[in-house]
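Participant: 428 is the number that UniProt numbering gives to position 428 of the sequence shown; each next residue is one higher, with no gaps.
All C-beta atoms in this analysis are idealised placements derived from N, C-alpha and C, irrespective of residue type, glycine included.
Every value quoted in this text rests on a predicted model; they were computed, and no experiment measured them.
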Amino acid sequence: KKPLLLWLNGGPGCSSVAYGAAQELGPFLVRSYGENLTLNAYSWNKAVNLLFLEAPVGVGFSYTNRTSDLRRLGDRVTAQDSYSFLLNWLNKFPEFKNRDFYIAGESYAGHYVPQLAELIYDGNKGASRDRVINIKGFMIGNAVLNDATDQMGMVEYAWSHAIISDELYSAVRRECDSFKEEEDGGKPSKGCSPAVRAFLRAYDDIDIYSIYTPTCLSSSSSSPASASPRRSSPGLVAAPRLFSKHVKEAWRRMQRVPAGYDPCTEEYVKGYFNREDVQRALHANRTGLSYPYSPCSEAISKWNDSPSTVLPILKKLMGAGLRIWVYSGDTDGRVPVTSTRYSLNTMKLRPRLMRKTAGDGAGEESEWGGWRAWYDRQQVGGWAVEYEEGLTLVTVRGAGHQVPLFAPRRSLAMLYHFLRGSSLPASRSR
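Have a look at this one:
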């Protein structure tokens, strides 16, 4: 029997249906200006039973009858509500109760996924048999993990990819005190805000979530000029704490979730889910929401808690034996691979040495740790390293922030190996 996998998008406040299901890994993708659906040849439902949750309340078609609920949202409430949803859903569909269960997600789901996994793991202890969730592990992509290293990696990535100047790079590092939080001794100067604003402006004409693909020049955009990249409606954004503390409005202007090779897929999805016939077919919006469907919520304006790091949760769940893969599309500038590597490096994990399978020194262990290429259809799909503690880091070559959108075949191949607990192919011959 296929496992059950829950997919969560981040934001906070962005829809797992609008992004995960309709643009990335669902069985049907919205195309052609929201007029029809296309079968996804690389849908993850080839390997698992997919469950998409619009969380927290106020996201997508999820709603509440009390507006006060929208003012108490944060990481804690999102995890608790998602856990309650899962327990109730499994009671309603008991045929899935004993199946292996996994969670996956991207971006700010770097918080959602491990926080929910921790609740499930703790909740299973001493729970009655009918309330045990058979969790085996999770995957998180281009994930927000640790504020200080996330933002350091973001600036390093922009500089190393020639998006910002040497002078601006030095100014941000200097004025923002190397991205330390104030409680950790960081003392950002008055020059931090203008330096970060200049940093953000460097991305004005390209897609920060996919730096090498075109931007959407949709006529329905709210941008002042038709030749300017599209920006979504304002909402919350998974901004590193130090930056958001000093230039919150600048980060809000950056709010959008990435486009793909057709850079206007988000526009198509928004139009599709606002169609009355689609809502009727989905049995959605029966209460008649007072606002239109939006891929990222316009109803959520306050986020009450967001810890600066989730790395202790990863460490705890690795110790509990859960399978954890962290993957990263390497053309994302928003939560880039540099951020992920810096964050994981603070955990001081031990790379598992890999034996070379081909070429000079075949059969020998690499003298440079376990970092190696992995292959798909005899081409390099990215790079990977496995750690003795049970975590695997995978990069996906040429993919942006939404890996299943940019690299659908390789993302599905990665999922199969994750589920089997097997290493990604280390040579062209496999």
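Tell me whether Ser170 is buried or exposed, calling it buried when 16 or more other Cβ atoms sit within 10 Å of its Cβ.
Facilitator: Classification of Ser170: exposed, given that the 10 Å Cβ count is below 16.
Participant: In terms of residue numbering, what span does the beta strand (DSSP E) encompassing Ala143 cover?
Facilitator: Segment: none, Ala143 is in no beta strand (DSSP E) and carries neither H nor E.
Participant: In its own chain, which residues sit with a C-beta less than 7 Å from the C-beta of Leu29, not counting the 5 before and 5 after it?
Facilitator: Closer than 7 Å at Cβ, skipping near neighbours: Ala22, Gln23, Leu37, Thr38, Asn40.
Participant: Cβ atoms of Ile103 and Leu8: under 8 Å apart, would you say?
Facilitator: Closer than 8 Å, so yes.
Participant: With distance defined between alpha-carbon atoms, name the residue in Gly11, Leu4, Ser32 nearest to Cys264.
Facilitator: It is Ser32.
Participant: Please report the straight-line C-alpha distance between Asn65 and Arg72, rounded to a whole angstrom.
Facilitator: In a straight line, the C-alpha of Asn65 is about 14 Å away from that of Arg72.
Participant: Anyone know if the C-beta pair for Arg50 and Gly26 falls short of 8 Å?
Facilitator: A small correction: the amino acid at residue 50 is Leu; Arg does not occupy that position in the sequence shown. Yes, they are a contact pair.
Participant: Would you kindly work out how many angstroms separate the C-alpha atoms of Glu175 and Phe199, rounded to a whole number?
Facilitator: Going from the Cα of Glu175 to the Cα of Phe199 covers about 12 Å.
Participant: Between the alpha carbons of Leu424 and Ala162, how many angstroms are there, rounded?
Facilitator: Between Leu424 and Ala162, the C-alpha separation is close to 31 Å.
Participant: Locate the alpha helix (DSSP H) running through Trp89, then write down its first and last residues.
Facilitator: Its alpha helix (DSSP H) spans residues 75-92.
Participant: Which stretch, first to last residue, makes up the alpha helix (DSSP H) that contains Ile120?
Facilitator: Unbroken alpha helix (DSSP H) run through Ile120: 109-124.
Participant: Look up Val380 in the DSSP assignment and say whether it is helix, strand or coil.
Facilitator: Val380 falls in the strand class under three-state DSSP.
Participant: Need the endpoints of the alpha helix (DSSP H) that Ala198 sits in, please.
Facilitator: Looking at the DSSP string, the run of the alpha helix (DSSP H) that includes Ala198 is 192-201.
Participant: Short check: CB of Gln47 to CB of Tyr327, under 8 Å?
Facilitator: Gln is not the amino acid found at residue 47; the sequence shown has Ala there. Cβ distance not < 8 Å, so Ala47 and Tyr327 don't count as in contact.
Participant: Are the C-beta of Tyr108 and some C-beta of chain D separated by less than 8 Å?
Facilitator: Judged by its chain identifiers, the structure shown contains no chain D, having just a single protein chain.
Participant: Hey, could you find the ends of the beta strand (DSSP E) Gly105 is sitting in?
Facilitator: Looking at the DSSP string, the run of the beta strand (DSSP E) that includes Gly105 is 101-106.
Participant: Helix, strand or coil: which one does DSSP assign to Arg420?
Facilitator: Residue state, collapsed to three classes: helix.
Participant: Taking DSSP's pairing of strands, which residues face Thr395 in a bridge?
Facilitator: For Thr395, which the question treats as bridged, DSSP gives the partners Ser328.
Participant: Just curious, the beta strand (DSSP E) that Arg275 is in, first and last residue?
Facilitator: Careful: Arg275 lies outside any beta strand (DSSP E) and carries neither H nor E.
Participant: Can you name, in chain order, every residue of its own chain whose Cβ lies under 8 Å from the Cβ of Pro351, other than the five neighbours on each side?
Facilitator: So the qualifying residues of the chain are Gly369, Gly370, Trp371, Val385, Glu386, Tyr387, Glu388.
Participant: What span of residues does the beta strand (DSSP E) with Leu289 cover, start to end?
Facilitator: It is not in any beta strand (DSSP E) - Leu289 carries neither H nor E in the DSSP assignment.
Participant: Cutting at 6 Å between CB atoms, please list the residues of its own chain near Val172, excluding the five before and the five after it.
Facilitator: Only Val155, Ala195, Phe199 meet the Cβ criterion.
Participant: So, are the CB atoms of Ala143 and Gly110 less than 8 Å apart?
Facilitator: Yes, Cβ-Cβ distance for Ala143 and Gly110 is below 8 Å.
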